[in-house]
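Take a look at the structure set out below.
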Amino acid sequence: MTLSNIVVLVKYVPDATGDRKFEADNTVDRVGVDGLLSELDEYAVEQALQIKEKRADEEITVTALTVGPAEAETAVRKALQMGADKAVHVSDEAIAGSDAVATSLVLAKAIEKIGVPELIVGGLASTDGGLSVVPAMLSERLGLPQVTLAAVVETQGDQVRIKRDGDTATEVIGGTLPLVLSVTDQSGEARYPSFKGIMAAKKKPLETLSLSDIGVDAGQVGLDAAWTSVESVTARPPRTAGEIVKDEDGSGATALVEFLASKKFI
Amino acid sequence: MSEVLVLVDHVDGAVRKPTYELLAIAKRIGEPSAVFIGGADKAAAAADAVKAYGAEKVYVVDDAEIKGYLVAPKAEVLQQIAAAASPAAILIPASAEGKEIAGRLAIKLESGLITDAVDVQVNGSDIVTTQSVFAGNFTVEAKVTQGTPIIAVKPNAAAPEEGAGAGAVEEFAATISDAAKTAQIVAAQPRQSTGRPELTEAAIVVSGGRGTGGDFTAVEGLADALGAAVGASRAAVDSGWKPHTFQVGQTGKVVSPQLYVANGISGAIQHRAGMQTSKTIVAVNKDEEAPIFELVDFGVVGDLHAVLPAVTAEIEKRKG
Ligand SMILES: Cc1cc2nc3c(=O)[nH]c(=O)nc-3n(C[C@H](O)[C@H](O)[C@H](O)COP(=O)(O)OP(=O)(O)OC[C@H]3O[C@@H](n4cnc5c(N)ncnc54)[C@H](O)[C@@H]3O)c2cc1C
Ligand SMILES: Nc1ncnc2c1ncn2[C@@H]1O[C@H](COP(=O)(O)O)[C@@H](O)[C@H]1O
Numbered sequence: 001m002t003l004s005n006i007v008v009l010v011k012y013v014p015d016a017t018g019d020r021k022f023e024a025d026n027t028v029d030r031v032g033v034d035g036l037l038s039e040l041d042e043y044a045v046e047q048a049l050q051i052k053e054k055r056a057d058e059e060i061t062v063t064a065l066t067v068g069p070a071e072a073e074t075a076v077r078k079a080l081q082m083g084a085d086k087a088v089h090v091s092d093e094a095i096a097g098s099d100a101v102a103t104s105l106v107l108a109k110a111i112e113k114i115g116v117p118e119l120i121v122g123g124l125a126s127t128d129g130g131l132s133v134v135p136a137m138l139s140e141r142l143g144l145p146q147v148t149l150a151a152v153v154e155t156q157g158d159q160v161r162i163k164r165d166g167d168t169a170t171e172v173i174g175g176t177l178p179l180v181l182s183v184t185d186q187s188g189e190a191r192y193p194s195f196k197g198i199m200a201a202k203k204k205p206l207e208t209l210s211l212s213d214i215g216v217d218a219g220q221v222g223l224d225a226a227w228t229s230v231e232s233v234t235a236r237p238p239r240t241a242g243e244i245v246k247d248e249d250g251s252g253a254t255a256l257v258e259f260l261a262s263k264k265f266i
Numbered sequence: 001m002s003e004v005l006v007l008v009d010h011v012d013g014a015v016r017k018p019t020y021e022l023l024a025i026a027k028r029i030g031e032p033s034a035v036f037i038g039g040a041d042k043a044a045a046a047a048d049a050v051k052a053y054g055a056e057k058v059y060v061v062d063d064a065e066i067k068g069y070l071v072a073p074k075a076e077v078l079q080q081i082a083a084a085a086s087p088a089a090i091l092i093p094a095s096a097e098g099k100e101i102a103g104r105l106a107i108k109l110e111s112g113l114i115t116d117a118v119d120v121q122v123n124g125s126d127i128v129t130t131q132s133v134f135a136g137n138f139t140v141e142a143k144v145t146q147g148t149p150i151i152a153v154k155p156n157a158a159a160p161e162e163g164a165g166a167g168a169v170e171e172f173a174a175t176i177s178d179a180a181k182t183a184q185i186v187a188a189q190p191r192q193s194t195g196r197p198e199l200t201e202a203a204i205v206v207s208g209g210r211g212t213g214g215d216f217t218a219v220e221g222l223a224d225a226l227g228a229a230v231g232a233s234r235a236a237v238d239s240g241w242k243p244h245t246f247q248v249g250q251t252g253k254v255v256s257p258q259l260y261v262a263n264g265i266s267g268a269i270q271h272r273a274g275m276q277t278s279k280t281i282v283a284v285n286k287d288e289e290a291p292i293f294e295l296v297d298f299g300v301v302g303d304l305h306a307v308l309p310a311v312t313a314e315i316e317k318r319k320g
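These protein sequences, in sequence, are chains U and D. If you count the first sequence from 1, position 144 lands on 144 in UniProt numbering, and the numbers rise without skipping. If you count the second sequence from 1, position 94 lands on 94 in UniProt numbering, and the numbers rise without skipping.
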């Protein structure tokens with residue numbers, strides 16, 4: 001099998017260095033805060049681009065796909081600047097408040113609409129939700145094999161091999177295209193967009209799709225259709241300021257031992 | 001009372017501690033039924049182990065045909081047992097593998113999924129979960145509103161409770177589709193045991209960062225004196241001083257021990273994301289401006305290579 005299409009899944013997330021908040025309905029505030037392409041999805045874009053570059057004779061098209069509010073266009077734009085060829089943005093009021101189950105449905109339907117590629121690449125986790133389940137759910141929905149959480153990726157012909165740190169072992173996992181792949185931040189530094197890349201991105205195709213375009217009923221997604229409900233959100237009380245001592249000639253060690261003993265750790 | 005399925009987390013038949021924690025949670029909801037997917041020759045011992053922690057029933061599924069095929073077959077097994085048992089909930093360890101199984105199962109059963117629960121309580125007819133989100137800055141209570149609640153539970157969410165259940169063993173013959181037998185483990189190198197507690201399960205974690213300069217002797221010495229697991233920052237991992245499996249943080253392990261001791265770690269947001277919910281936090285850092293000091297219950301401004309060995313020596317002396 002030749003590889004002609006790669007779809008890379010990129011999510012628009014609130015900036016983790018800013019003040020992340022919740023809305024009154026207990027959903028993540030995605031609009032009132034600064035957002036960006038999830039840092040962890042940059043690694044997915046990077047791997048997609050590296051595979052394309054290594055297989056230069058195959059004319060591979062890399063499409064960045066995002067599901068999110070209007071602002072999520074920023075995420076696919078960044079992917080285009082890094083070097084993706086095309087972008088697809090699924091955006092619909094009805095999607096707001098969707099859980100991972102619904103997000104995976106929208107992604108699956110969007111992928112079926114644009115054509116199921118030989119390779120789908122996702123990130124380790126969303127930096128906001130952080131479930132690490134969407135790639136597995138997508139593979140379940142599309143009936144494709146999944147090779148996830150890769151620290152090292154190699155492809156040859158229709159074979160994909162990854163290396164990863166499993167829960168109890170270091171593993172090499174093999175699969176045959178078409179499949180769903182996800183990569184970690186161990187897989188290789190993500191490139192910065194070059195000036196040329198930023199200019200070129202302006203002319204690259206960016207398609208926006210609504211739920212009806214991809215054949216998803218509005219009732220299947222969004223907060224009301226979620227199969228889980230958030231009952232309450234509580235900000236963690238700020239930690240009470242601790243005691244800080246300066247070590248002078250061993251005084252630090254003595255004080256620390258006293259502290260540990262007072263808390264019954266020794 | 002309804003059954004509550006608990007997926008047994010084990011390495012080659014040796015049941016891991018999170019399984020016992022899940023059984024303790026299952027008892028709050030209904031009758032715990034453990035699901036053991038593994039080697040037929042290991043099943044009896046595993047069944048005894050989970051029985052001792054309250055399993056009323058043990059579904060045994062021989063994995064001869066599916067070993068190495070990762071998560072898809074396990075999701076099919078759980079789907080089939082759930083169809084037969086109509087459980088009140090399905091509890092799965094929130095490991096990377098467990099969460100993927102849970103995700104696939106949620107779609108198969110058209111059921112809501114909650115991952116990374118740090119607590120699960122029963123409130124009337126509701127099963128209410130607690131999660132810690134945004135690097136531990138918020139606590140979220142949630143519940144499943146459709147189907148069979150599928151909950152991926154983090155280590156240390158409950159204390160294991162000894163006390164034998166009936167432990168009735170039921171061999172379950174699952175039918176696995178060919179589609180589930182695709183991606184496959186082609187080679188695996190089991191992790192060498194460090195002789196220390198598992199990072200995510202440990203009551204105490206002692207970590208080292210770039211400030212160790214690559215010499216973890218002082219960090220490991222303190223860890224051993226305290227019976228702790230050893231962790232590392234990403235800077236220490238990227239420098240090749242410790243394998244990635246030691247990394248604490250957003251892209252490593254998320255730990256929530258009784259005591260976390262950060263040594264030579266500045267306290268970047270990605271590191272905090274992995275340790276901020278620890279009950280007690282201690283830091284040793286040369287730089288009094290290091291952001292880690294904003295989190296600590298106790299901090300020492302000093303050189304870890306001087307402070308830690310002195311602390312270790314004093315602890316050893318007190319132990320006698
Ligand atoms: C996508 C992404 C994911 C990331 N994921 C993670 C993650 O999972 N985990 C993680 O840890 N980081 C992660 N990081 C990296 C994170 O941003 C920081 O770079 C990292 O945590 C810094 O590690 P450090 O504190 O050991 O090093 P530094 O920030 O360099 O701090 C070293 C500290 O050691 C102190 N020091 C030096 N010498 C001594 C001495 N002799 N005695 C005492 N103190 C001393 C210094 O004062 C300093 O505060 C991630 C980054 C990105 C971009
Ligand atoms: N809304 C989304 N749009 C595009 N990709 C997504 C979206 N949500 C999740 N993903 C992909 O799935 C991965 C895991 O996400 P999660 O399961 O939410 O932690 C992310 O790193 C992305 O690659």
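Where a beta carbon is used, it is the ideal one built from N, C-alpha and C, also for glycine. Quantities reported herein were computed from a predicted structural model and do not represent experimental measurements.
Minimum Cβ-Cβ distance from residue i to chain D less than 8 Å
i      : result
U:E189 : no
U:K109 : no
U:E171 : yes
U:E42  : no
U:S126 : no
U:K263 : yes
U:T148 : yes
U:V153 : no
U:M137 : yes
U:E231 : yes
U:V133 : yes
U:G122 : no
U:P145 : yes
U:E23  : no
Residues near residue i in its chain [Cβ-Cβ closer than 7 Å; skip 5 each side]
i      : result
D:V122 : R28 and I29
U:A125 : L40, L131 and S132
D:Q258 : A203, I204, K279 and T280
D:A290 : S266 and G267
D:T148 : A82, P87, A89, I90, L109 and S111
Beta-carbon contacts of residue i that lie in its chain and below 8 Å, excluding the five residues immediately before and after
i      : result
D:A183 : Y69, L70 and A72
Interface flag, residue i vs chain U, CB-CB below 8 Å
i      : result
D:S111 : yes
D:Q192 : no
D:S95  : yes
D:V282 : yes
D:H244 : yes
D:I185 : yes
D:T182 : yes
D:A158 : no
D:T139 : yes
Where residue i falls, given that 16 or more other Cβ within 10 Å makes a residue buried
i      : result
D:D220 : The sequence shown places Glu at residue 220 of chain D, rather than the Asp named in the question. Its Cβ being crowded by 16 or more others within 10 Å, D:E220 is buried.
D:Q276 : buried
U:V10  : buried
D:V186 : exposed
U:D217 : exposed
U:F195 : exposed
U:K202 : exposed
D:T175 : exposed
U:M137 : buried
D:Q250 : buried
U:G68  : buried
D:S2   : exposed
D:Y20  : buried
D:Q192 : exposed
Close beta carbons around residue i, own chain, < 6 Å, minus the five adjacent residues each side
i      : result
D:S239 : none
D:G299 : A283 and F293
D:K17  : E201
_Contained beta strand (DSSP E) runs [length at least 3] in the segment 143-175 of chain U, N- to C-terminal order_ = List check, beta strand (DSSP E) in window: 146-150, 152-156 and 159-165.
*Which ranges would you report for the beta strand (DSSP E) in the segment 177-220 of chain U if only whole runs of at least 3 residues count?*
179-183 and 206-209
*Name all residues in chain order for which at least one heavy atom of ligand 1 lies closer than 5 Å to the residue's CB.*
U:E39, U:D185, D:G209, D:R210, D:G211, D:S233, D:R234, D:A235, D:G249, D:Q250, D:T251, D:G252, D:G264, D:I265, D:S266, D:A268, D:Q270, D:H271, D:N285, D:K286, D:D287, D:A290, D:D303 and D:L304
*With a cut-off of 7 Å, give the chain-ordered residues whose Cβ is closer than this to any heavy atom of ligand 2.*
U:L9, U:V10, U:K11, U:S38, U:L40, U:D41, U:A44, U:L65, U:T66, U:V67, U:G68, U:A100, U:T103, U:L107, U:G122, U:G123, U:L124, U:A125, U:S126, U:G129, U:G130, U:L131, U:S132, U:V133, U:V134, U:P135 and U:S182
*Enumerate, from N- to C-terminal direction, the unbroken beta strand (DSSP E) stretches of 3 or more residues contained entirely within the segment 23-84 of chain U.*
Taking only runs of at least 3 residues, the beta strand (DSSP E) segments lying wholly in the segment 23-84 of chain U are 35-37 and 61-67.
*What are the start and end residues of each continuous beta strand (DSSP E) run of 3 or more residues lying completely inside the segment 238-262 of chain D, in chain order?*
none
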